[in-house]
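Working notes, beginning with the structure itself.
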Amino acid sequence: MKILESFIGNLYTGETVEFRQLKITPVFIREETKLPYLEFEAALKAGLVEVTEVSEHGSVPSLLVKNGADRDVLILDGEQLVGAKQNRIVNTTVVVPARSTVEIPVSCVEQGRWRYTSQGFTSGRSHSSSSLRSLKHASVTRSLRATGDYYSDQSGLWSEISSKMRRMDATSPTMSMTDVYESSVSGEDESRLEAEVACQPRQVGYFAFVRGGFAGGDVFGSSELCHAKLNKMLRGHYLDSLDEWVKFPQLTVAEVIGQVRAAEAEQFASVGKGSEMRFESDELQGAWKLVDEFIPHLMVFPKLN
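Numbering of the sequence shown is given in the working numbering, commencing with residue 8 and proceeding in unit increments.
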């Protein structure tokens with residue numbers, strides 16, 4: 008598509024930075040567009056957005072987002088939401104219109120809890136790991152093709168979280184992915200990662216590599232969004248770098264970009280504003296959000312066996 012080609016053509020990559028077994032290649036933008044949305048976490052902290060269960064009884068695959076702001080709010084795929092009856096992750100990037108309430112698709116990442124710890128949700132310390140996002144993305148794509156809904160394979164995600172807990176010798180009374188992260192990654196690790204892989208001026212994204220394999224990447228339509236979200240997203244990749252069992256395909260940045268450009272995309276109606284373009288190649292899968300001829304977010308993951 009011409010819009011995607013224009014978007015990619017406005018990007019360039021920088022020098023790769025290493026932190027232990029994690030390598031990050033930054034992505035920069037030549038001509039920048041100001042982000043036309045509020046970033047979700049900032050809006051949440053400002054009290055402009057509220058995330059709750061859909062009802063008092065709740066529903067595992069859905070949550071309500073109430074946007075009280077005069078601007079649209081952007082929530083990213085893989086955002087971890089902590090609280091209410093159980094922790095969830097967001098199944099796809101969503102643009103919530105100003106002054107509206109939208110039901111968003113989510114997946115549970117805390118199998119052993121179904122009781123209130125708070126009325127609403129906060130944002131977690133880390134973004135979802137790339138390995139979990141990749142599995143979720145594949146199952147959501149299958150659901151979209153079959154039913155048009157953004158549902159994930161919930162049992163498959165629970166199985167992956169359980170396996171990761173065993174591999175990383177983590178404990179959690181509620182089988183919580185948040186507990187896996189917090190028992191594996193220290194505050195010192197987070198500080199060093201943030202210092203050594205700091206977000207740079209005009210940076211709008213990254214490609215991540217773990218033990219030389221391509222682990223995933225996110226590119227945004229604005230450096231403002233990248234600066235707001237990069238640290239949390241890299242924490243998710245760092246968790247995968249500590250899991251020796253996780254294997255990613257050996258691909259270069261040029262090969263990833265080439266496969267994204269060459270892949271045919273399928274268009275699906277979005278939750279919230281815009282549409283979603285999903286693509287696959289032999290080794291990769293991903294999507295980009297398209298809203299009013301603007302791409303606020305492109306994500307790409309390896310296909311995992």
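Backbone N, C-alpha and C fix where the C-beta goes; we use that ideal spot for every residue, glycine too.
| Check | Outcome |
| --- | --- |
| Using the C-alpha atoms, what's the distance from VAL204 back to PHE26? | 7 Å |
| Is the CB-CB distance between GLY228 and ILE302 below 9 Å? | yes |
| Excluding sequence positions up to five away, which residues of its chain have a Cβ less than 6 Å from the Cβ of MET172? | VAL187 |
| Are the beta-carbon atoms of LEU83 and ARG268 separated by less than 9 Å? | no |
| With 16 other CB atoms within 10 Å as the buried threshold, where does VAL253 fall? | buried |
| My guess is that GLN257 and GLY219 are in contact by the Cβ rule of under 8 Å, so how many angstroms apart are they, rounded? | 6 Å |
| What is the C-beta distance between THR59 and LEU51, in whole angstroms, given that I count them as a contact (C-beta under 8 Å)? | THR59 to LEU51, Cβ: 12 Å. No contact. |
| Here's the rule I'm using: 16 or more other beta-carbon atoms within 10 Å means buried, otherwise exposed. How should ARG95 be labelled? | buried |
| For GLN210, does the three-state DSSP call read helix, strand or coil? | strand |
| Using DSSP with H/G/I as helix, E/B as strand and the rest coil, what is TYR245? | helix |
| In whole angstroms, give me the CA-to-CA distance for ASN74 and GLU251. | 40 Å |
| Check whether the stretch 205-216 touches the stretch 153-161, taking contact to mean three or more Cβ pairs, one atom from each stretch, closer than 8 Å. | no |
| What is the DSSP secondary structure of ASN94, reduced to helix, strand or coil? | coil |
| Can you have a look at SER282 and say buried or exposed, based on whether 16 or more other CB atoms are within 10 angstroms of its CB? | exposed |
| Could you tell me whether the stretch 11-22 touches the stretch 174-191, where touching means 3 or more Cβ pairs closer than 8 Å? | no |
| By alpha-carbon positions, which one of ARG122, THR178, SER107 and LEU139 ends up nearest to VAL97? | LEU139 |
| For PRO208 versus SER230, is the C-beta spacing smaller than 9 Å? | yes |
| With a Cβ-Cβ cutoff of 9 Å, do LYS134 and MET240 count as a contact? | The residue you asked about is not Lys; residue 134 is His in the sequence shown. Against a cut-off of 9 Å, the Cβ pair of MET240 and HIS134 comes out as a contact. |
| Between ALA153, GLU117 and TYR123, which has its C-alpha nearest SER166's C-alpha? | GLU117 |
| Taking only three categories from DSSP, how would you classify LEU11? | helix |
| Just verifying my parser: in three-state terms, what is the DSSP assignment at THR148? | helix |
| By alpha-carbon positions, which one of LEU164, GLY163 and SER191 ends up nearest to ASP176? | SER191 |
| Rounding to the nearest angstrom, what Cα-Cα distance links GLY119 and PRO180 in this structure? | 7 Å |
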